[in-house]
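In the working numbering, the protein residues as written are 137 to 293.
Single-structure report; data block below.
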C-alpha cells in the first residue's frame, strides 16, 4: 500500500509542478493587442472618408496569401476592399475573399465589410482611393453615387 500511495503522491506533485511551470512560462506572455477601431459615430448626415483606416485595411489585406495588390475605401461604417489575385491563386478566389472578410470583421467590429476580386471594381475603388487624400474629409456627392453603384455591384453574386 505504501508504494501505491507514494506513486499517487509523485503523480500529483508532477502534475502540480507541470501546471506551475506552464503558468510561469505563460505569465509573461501578453496576447497580441488587436487594434479595435470602432466605427465613427455619425453625428452629421454628411458621409466622411477615412483614408487612415483604409490604409490599414489595405496593408492587412496584402498579408493574406495570394493577394498581389489591394485597394480600400472606408466611408462612414463601410469598408470596401478590392483584391488583385493572379496566377493559380485565382482558383481560390472564394476562399481568399472569405478569409479576408473574416479577418476584417474581427479587426474592425461594427463596420460593414465588402470584399471583391472583380478587376473593374478594383479600378473603380482605386479611383476613389486616389481622390480621398490624407485626412478624414467629407465625401463629394459624385463619389457617393459611384460608391453606391460599386456596393450594388458587389452585392450581386
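We put the beta carbon where it would ideally sit given N, CA and C, even for glycine.
Spatially closest choice to residue i from the options, by CA coordinates
i	options	result
residue 242	215, 211, 292	215
residue 211	205, 220, 193	193
residue 270	203, 142, 188	188
residue 237	275, 196, 292	196
residue 265	228, 208, 227, 291	208
residue 295	218, 156, 147, 275	Limits of the chain in this structure are 137 at one end and 293 at the other, which puts residue 295 out of reach.
residue 226	244, 249, 201	201
residue 263	286, 250, 199, 273	286
residue 261	239, 232, 292, 190	190
residue 248	148, 143, 290	290
Residue i: first and last residue of the uninterrupted alpha helix (DSSP H) it sits in
i	result
residue 278	277-291
residue 203	Here residue 203 belongs to no alpha helix (DSSP H), and DSSP marks it neither H nor E.
residue 198	187-198
Residue(s) in a DSSP beta bridge with residue i
i	result
residue 141	Partner(s): none; residue 141 has no beta bridge.
residue 209	216
Closer than 9 Å to chain C by CB, residue i
i	result
residue 193	Judged by its chain identifiers, the structure shown contains no chain C, having just a single protein chain.
query: Given 8 Å as the limit, is there contact between the stretch 238-257 and the stretch 274-285, that is, 3 or more CB pairs closer than that?
result: With a cut-off of 8 Å, the stretch 274-285 and the stretch 238-257 do not count as touching, because too few Cβ pairs lie within range.
field: Inside the stretch 211-272 only - beta strand (DSSP E) runs reaching at least 3 residues
entry: Taken in chain order, the complete beta strand (DSSP E) segments of 3 residues or longer contained in the stretch 211-272 are 214-220, 248-252.
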